[in-house]
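Residue numbering for the sequence shown follows UniProt numbering, starting at 1 and increasing by one per position.
The beta carbon of each residue, even a glycine, is placed where N, CA and C say it ideally should be.
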Amino acid sequence: MDAFSSSFLSSQSLLFLTPKAPIKQISLPSISSVRIDEKSPKISTQSRPSAPLSPPSSPPQKLASPAVSVVSKPLPSTKPRSRIEPPLPVTLFNALDSIINNFVDPPGKASLDPRYVLSGNFAPVDELPPTECEVEFGSIPSCLDGAYVRNGPNPQFLPRGPYHLFDGDGMLHATRISGGRATLCSRYVKTYKYLIEREAGSPVLPSVFSGFNGLTASAARGALSAVRFLAGQFNPANGIGLANTSLAFFAGRLYALWESDLPYIIRLTRDGDIETLGREDFSGRLTMGMTAHPKVDPETGEAFGFRYGPIPPFLTYFRFGPNGEKHADVPIFSLTRPGFMHDFAITKKYAIFGDIQIGMNPIGMIEGGSPVGTDSGKVPRIGIIRRYAKDDSEMRWFEVPGFNLMHTINAWDEDDDTVVLIGPNMMSVEHTLERMDLVHAQVEMVRIDLRTGVVSRQPLSAWNLDFAVINPAYLGRRNRFVYAGVGDPMPKISGVVKLDLTISGDRRECTAAARLFGSGCFGGEPFFVARDPNDPEAEEDDGYVVTYVHDENAGESRFLVMDAKSPELEVVASVKLPRRVPYGFHGIFVRESDLNKL
Numbered sequence: 001m002d003a004f005s006s007s008f009l010s011s012q013s014l015l016f017l018t019p020k021a022p023i024k025q026i027s028l029p030s031i032s033s034v035r036i037d038e039k040s041p042k043i044s045t046q047s048r049p050s051a052p053l054s055p056p057s058s059p060p061q062k063l064a065s066p067a068v069s070v071v072s073k074p075l076p077s078t079k080p081r082s083r084i085e086p087p088l089p090v091t092l093f094n095a096l097d098s099i100i101n102n103f104v105d106p107p108g109k110a111s112l113d114p115r116y117v118l119s120g121n122f123a124p125v126d127e128l129p130p131t132e133c134e135v136e137f138g139s140i141p142s143c144l145d146g147a148y149v150r151n152g153p154n155p156q157f158l159p160r161g162p163y164h165l166f167d168g169d170g171m172l173h174a175t176r177i178s179g180g181r182a183t184l185c186s187r188y189v190k191t192y193k194y195l196i197e198r199e200a201g202s203p204v205l206p207s208v209f210s211g212f213n214g215l216t217a218s219a220a221r222g223a224l225s226a227v228r229f230l231a232g233q234f235n236p237a238n239g240i241g242l243a244n245t246s247l248a249f250f251a252g253r254l255y256a257l258w259e260s261d262l263p264y265i266i267r268l269t270r271d272g273d274i275e276t277l278g279r280e281d282f283s284g285r286l287t288m289g290m291t292a293h294p295k296v297d298p299e300t301g302e303a304f305g306f307r308y309g310p311i312p313p314f315l316t317y318f319r320f321g322p323n324g325e326k327h328a329d330v331p332i333f334s335l336t337r338p339g340f341m342h343d344f345a346i347t348k349k350y351a352i353f354g355d356i357q358i359g360m361n362p363i364g365m366i367e368g369g370s371p372v373g374t375d376s377g378k379v380p381r382i383g384i385i386r387r388y389a390k391d392d393s394e395m396r397w398f399e400v401p402g403f404n405l406m407h408t409i410n411a412w413d414e415d416d417d418t419v420v421l422i423g424p425n426m427m428s429v430e431h432t433l434e435r436m437d438l439v440h441a442q443v444e445m446v447r448i449d450l451r452t453g454v455v456s457r458q459p460l461s462a463w464n465l466d467f468a469v470i471n472p473a474y475l476g477r478r479n480r481f482v483y484a485g486v487g488d489p490m491p492k493i494s495g496v497v498k499l500d501l502t503i504s505g506d507r508r509e510c511t512a513a514a515r516l517f518g519s520g521c522f523g524g525e526p527f528f529v530a531r532d533p534n535d536p537e538a539e540e541d542d543g544y545v546v547t548y549v550h551d552e553n554a555g556e557s558r559f560l561v562m563d564a565k566s567p568e569l570e571v572v573a574s575v576k577l578p579r580r581v582p583y584g585f586h587g588i589f590v591r592e593s594d595l596n597k598l
């Protein structure tokens with residue numbers, strides 16, 4: 001195989017196109033880093049008109065007090081605040097919660113032990129107002145004027161019981177760039193859950209992935225939640241989402257997303273601060289959650305989404321017009337059992353879904369297990385429906401044994417009767433939720449012949465790859481290049497690999513470029529930013545790959561800019577951040593021209 005070498009952040013960053021060494025079993029470390037609370041921000045409420053939609057939309061749904069439309073500012077005084085004791089009912093509820101945690105919970109698994117889950121750079125941080133950063137190497141290209149924003153879990157309160165990585169409150173880390181200078185801001189998404197728990201001074205709602213830990217403990221937590229609801233401590237009608245998974249920009253708005261709640265509208269100010277404006281229900285047409293991975297057609301401006309759940313219809317498909325108007329739901333009744341569908345893909349003609357071996361597990365949840373589980377006896381399938389379908393009469397399902405699609409990369413139409421799908425296949429899918437370090441994700445090209453029903457698959461790389469992106473202008477049509485994070489092991493990302501899908505023949509490896517971050521350095525999902533998105537003659541890889549990278553040896557984080565065309569993904573700029581950015585999930589780059597519309 002070809003080999004690539006590069007050095008940055010660490011002199012020993014040598015790349016070799018070989019599979020990674022076998023993953024070592026984890027041991028249970030203690031927390032090496034914990035959040036140190038900074039001064040609490042002062043929250044001022046402002047009313048904001050919603051952007052006009054076509055047809056005109058009503059303002060975003062407002063939450064019951066505490067309000068969601070907020071602007072955060074640092075306190076003008078450094079005097080310590082006096083401690084405010086919580087009301088008696090809150091104190092009582094917290095005491096009952098502590099009893100469940102200390103005396104009812106069975107011995108926890110390592111995968112749910114906060115001492116393990118929140119160790120190192122997974123530990124939460126406090127909010128950070130806009131703070132200037134140091135460009136320590138190179139210069140930031142002018143085409144990057146705008147903001148790179150990454151979402152991720154960051155629990156507001158250190159958990160007292162079991163905790164899963166997916167359960168943290170959403171925090172956005174935004175690097176705002178202007179004229180070659182950068183500022184970093186970190187703010188919680190001010191969800192309804194975040195606000196009521198901040199007011200209570202402790203967790204109120206049970207965690208989705210870790211709150212069910214044994215039948216007795218689950219029953220106790222369920223009863224306590226019911227009492228909290230009856231006492232008026234929270235109202236589930238206002239949403240219980242975390243908004244911690246990803247971001248999307250469509251119809252002139254930026255959204256923070258979590259698949260079991262409505263989107264939250266986000267605004268970035270000119271000085272780089274982050275504001276949460278409220279939940280968006282699209283004039284009452286979106287009443288339940290939606291995927292955290294909507295697809296935005298770069299040519300039409302339409303956005304496509306779906307939701308799934310434990311009751312029929314188990315899958316519902318829908319779309320939004322370019323001005324944000326939501327069209328009618330398309331319930332998919334041909335899916336006869338609840339599944340776990342985190343992502344999907346679109347082409348110019350179709351929408352594509354993966355029915356994988358991970359599914360909703362309501363019985364297991366009642367018995368004290370996770371709300372999702374794996375079914376090794378289930379044969380994975382791919383479902384394909386017309387992009388503008390009115391109902392599910394044209395939905396077709398194709399069995400694809402052994403293909404578990406958690407994230408998609410892209411898809412396109414080939415000829416009149418073939419659909420091509422690119423995505424990582426989650427090997428050892430049974431470890432996806434509890435032992436991500438044991439998961440290997442293999443990027444594959446899947447061809448579905450709609451005429452014959454034949455499905456063929458081709459592995460594209462031996463690397464352990466996930467969190468993959470393309471040039472957004474190529475979404476839904478044939479693309480050549482893919483930029484993916486290297487799991488070492490998952491969910492840590494030790495580098496970025498560039499795949500060239502045109503490498504043909506029987507070669508298994510389609511890697512065209514790669515960069516490892518160095519010993520003890522780990523990043524997150526890469527994101528491709530075109531040098532000039534308005535140039536129709538520009539090559540597909542003419543642009544930059546950006547991401548956050550954390551050096552665990554020095555305890556420092558950086559914003560990295562890499563040349564996407566370079567055979568070593570050469571670093572053209574490194575921005576030293578004023579404090580560490582914890583590992584997280586998905587991000588987005590929003591150009592200055594779009595930020596001005598928010």
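Neighbour-count burial assignment, residue i, 16 or more Cβ in a 10 Å radius
| i | result |
| --- | --- |
| T502 | exposed |
| G453 | exposed |
| V546 | buried |
| I265 | buried |
| G146 | buried |
| F589 | buried |
| P536 | exposed |
| S557 | buried |
| E299 | exposed |
| T336 | exposed |
| G179 | exposed |
Anticipated Cβ contact below 8 Å, residue i with residue j, distance rounded
| i | j | result |
| --- | --- | --- |
| R580 | G555 | 6 Å |
| D375 | P424 | With a Cβ gap of about 20 Å, D375 and P424 do not count as contacting. |
| C143 | D415 | Contact flag wrong, Cβ pair sits at about 36 Å. |
| L96 | L224 | 6 Å |
| R150 | Y548 | 6 Å |
Terminal residues of the beta strand (DSSP E) in which residue i lies
| i | result |
| --- | --- |
| F461 | Checking the sequence shown, residue 461 turns out to be Ser, not Phe. From DSSP, S461 is part of no beta strand (DSSP E); its letter is neither H nor E. |
| E136 | 134–138 |
| E275 | 274–279 |
| V572 | 571–576 |
| S593 | Premise fails: S593 lies in the alpha helix (DSSP H), 592–595, not in any beta strand (DSSP E). |
| P141 | No beta strand (DSSP E) holds P141; DSSP gives it neither H nor E. |
| V561 | 556–563 |
| I346 | 344–346 |
| M360 | 358–360 |
| Y264 | 264–268 |
| Y483 | 481–487 |
| P308 | Looking at the sequence itself, residue 308 is Tyr, so the reference to Pro does not match. Per DSSP, Y308 belongs to the beta strand (DSSP E) from 303–308. |
Residues near residue i by beta carbon distance below 6 Å, same chain, minus five either side
| i | result |
| --- | --- |
| S593 | none |
| G495 | V486, R515, L516, F517 |
| A303 | F250, P294, V296, F320 |
| V379 | E399, P401 |
| G301 | P322 |
| R176 | A147, T183, G272 |
| R457 | E444, V446 |
Beta-carbon contacts of residue i that lie in its chain and below 7 Å, excluding the five residues immediately before and after
| i | result |
| --- | --- |
| H431 | L438, V439 |
| K597 | G252 |
| Y194 | Q156, D169, Y188 |
| A573 | V135, F137, G138, S139, I140, V561 |
| R508 | P459, A462 |
| M288 | R307 |
| P582 | N121, F122, A123, P124, V125, G152, N154 |
Close-in-space but distant-in-sequence residues of the same chain around residue i (CB under 8 Å, 5 per side omitted)
| i | result |
| --- | --- |
| W412 | T347, K348, V419, V420, G476, R477, R478, N479 |
| V330 | T316, Y317, F318, I385, A389, K390, D391, D392 |
| F552 | In the sequence on display, residue 552 carries Glu and not Phe. Cβ neighbours of E552 beyond the five flanking positions: G120, N121, G520, C521, F522. |
| L595 | G146, A147, L268 |
Paired residues, beta bridge with residue i - DSSP
| i | result |
| --- | --- |
| G523 | I493, V549 |
| C185 | A174 |
| S428 | Per DSSP, none; premise fails for S428. |
| I422 | N410, M445 |
| D169 | According to DSSP, which records beta bridges pairwise, D169 is partnered with nothing at all. |
| R515 | V496 |
| L247 | A256 |
| S456 | R447 |
| D329 | D329 pairs with nothing; no bridge assigned. |
Where the alpha helix (DSSP H) through residue i begins and ends
| i | result |
| --- | --- |
| residue 600 | Here the chain comprises residues numbered 1 to 598, so residue 600 is not present and cannot be evaluated. |
| Y116 | 114–117 |
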